[in-house]
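Below is one structure, written out as structure tokens; the observations come after it.
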Ligand SMILES: C[S@@+](CC[C@H](N)C(=O)[O-])C[C@H]1O[C@@H](n2cnc3c(N)ncnc32)[C@H](O)[C@@H]1O
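Numbering (this note's numbering), first residue to last: 1 to 279.
Next up, the structure:
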């Protein structure tokens, strides 16, 4: 029988249970969650426990240890997916004015540009990259933006490329008409099929260096508003991975409040605005 939500009396988690939940998040995603995240975790999990008919967090912990699929879903629930088109616009301006023209000079032989939106959420960042590349390089370039995240629901939104008018409002006006088509659902637009072809969505955990094929190498990586959640060790591991994936002279763009620790600066040349060049 389906559990009745009203009849379930959920026992609040103990601090120890929260610590164990944080441990699972931190081991899976490289985060640095502590007891301070108690309210975020319980707010997001109470409904899930009710749906499952579970009254005690200890029972949910047991389920998490046994069920990899539930662990994935749990990680989706306790992470933040806030994003927008052209977020931190200055970086897109720099991409168009400086970084892409420089990269294009070294790649004019192949006319291939390879980019990675790492921690892409619902795809707005990846499409902003694709538009910037298309507008800067033109139609005769082979442009691919790899867009990865651990959240399958957000990746699905990205693949469909359907966004509300409110979301599309942050796209510069001149590109809205060119890259967005009115969608049948009211007050929604869909990314044009041509631009959708430039972006490849894929489920991948940044903590798993084998989650991308060994042959994938990039000209620049955007990984923004992910490092803020990560432990020092996870950031170091992911930076190593990014370094090995970037082509010589490639760029790494972090979120505006994120930076690379000075210890790693002999590998990464800081250029300002949270942009680094592979040395
Ligand atoms: C706050 S959003 C940032 C989205 C976008 N980069 C931006 O700046 O607008 C962070 C995203 O990183 C993803 N994420 C967190 N940890 C991750 C990990 N270990 N591997 C891959 N994605 C991760 C989350 O699922 C979420 O969608």
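Note that the Cβ used here is the ideal one computed from N, Cα and C, for glycine as well.
As a quick exercise: from the options, pick the residue whose alpha carbon is nearest that of residue i.
i, options, result
"residue 260", "251, 276, 249 and 245", "276"
"residue 123", "268, 35, 247 and 81", "81"
"residue 204", "227, 229 and 155", "155"
"residue 146", "177, 253 and 114", "114"
"residue 39", "24, 174 and 19", "19"
"residue 116", "133, 21, 189 and 192", "133"
"residue 230", "102, 246, 258 and 249", "258"
"residue 217", "252, 138 and 98", "252"
"residue 256", "272, 17 and 98", "272"
"residue 170", "228, 84 and 224", "84"
"residue 29", "61, 94, 79 and 8", "79"
"residue 37", "22, 27, 279 and 49", "22"
"residue 41", "193, 57 and 136", "57"
"residue 233", "190, 14, 31 and 16", "31"
DSSP state of residue i, grouped into three classes?
i, result
"residue 109", "coil"
"residue 275", "strand"
"residue 200", "strand"
"residue 258", "coil"
"residue 265", "coil"
"residue 24", "helix"
"residue 2", "Any answer about residue 2 is weak, because its pLDDT of 49 lies below 50 and its placement is not dependable; what the coordinates show is given next. Three-state result, residue 2: coil."
Bridge partners for residue i per DSSP, in chain order?
i, result
"residue 114", "144"
"residue 31", "230"
"residue 12", "In the DSSP output, where bridge partners are listed per residue, residue 12 has none listed."
"residue 270", "276"
Is there a Cβ of chain B sitting closer than 9 Å to that of residue i, yes or no?
i, result
"residue 56", "The structure shown contains no chain B; it holds only a single protein chain."
Three or more C-beta pairs below 8 Å linking the segment 69-76 and the segment 94-112: Touching, no.
Any 3 or more C-beta pairs closer than 8 Å across the segment 87-105 and the segment 157-167: Contact between the segment 87-105 and the segment 157-167 is absent: fewer than 3 CB-CB pairs across the two stretches fall below 8 Å.
Taking contact to mean at least 3 C-beta pairs separated by less than 8 Å, is the segment 202-210 in contact with the segment 233-250? The segment 202-210 vs the segment 233-250: in contact.
Continuous beta strand (DSSP E) assignments of at least 3 residues falling wholly in the segment 142-193: Runs found: 142-149, 162-164, 180-182 and 188-191.
Check whether the segment 137-154 touches the segment 177-188, counting contact only when three or more Cβ pairs, one atom from each stretch, lie closer than 8 Å. Judged by pairs of C-beta atoms under 8 Å, the segment 137-154 does not touch the segment 177-188, as fewer than three such pairs exist.
Please list the segments of the beta strand (DSSP E) lying wholly inside the segment 203-252, counting only runs of 3 or more residues, in order along the chain. Segments of the beta strand (DSSP E) lying fully in the segment 203-252: 218-223.
Could you tell me which whole alpha helix (DSSP H) segments of length 4 or greater appear in the segment 57-95? Listed in chain order, the complete alpha helix (DSSP H) runs (minimum 4 residues) inside the segment 57-95 are 57-66, 68-77 and 89-94.
Counting Cβ pairs, one atom from each stretch, are 3 or more of them under 8 Å apart for the segment 172-181 and the segment 241-251? When Cβ pairs closer than 8 Å are counted between the two stretches, the segment 172-181 is seen not to touch the segment 241-251, the count staying below three.
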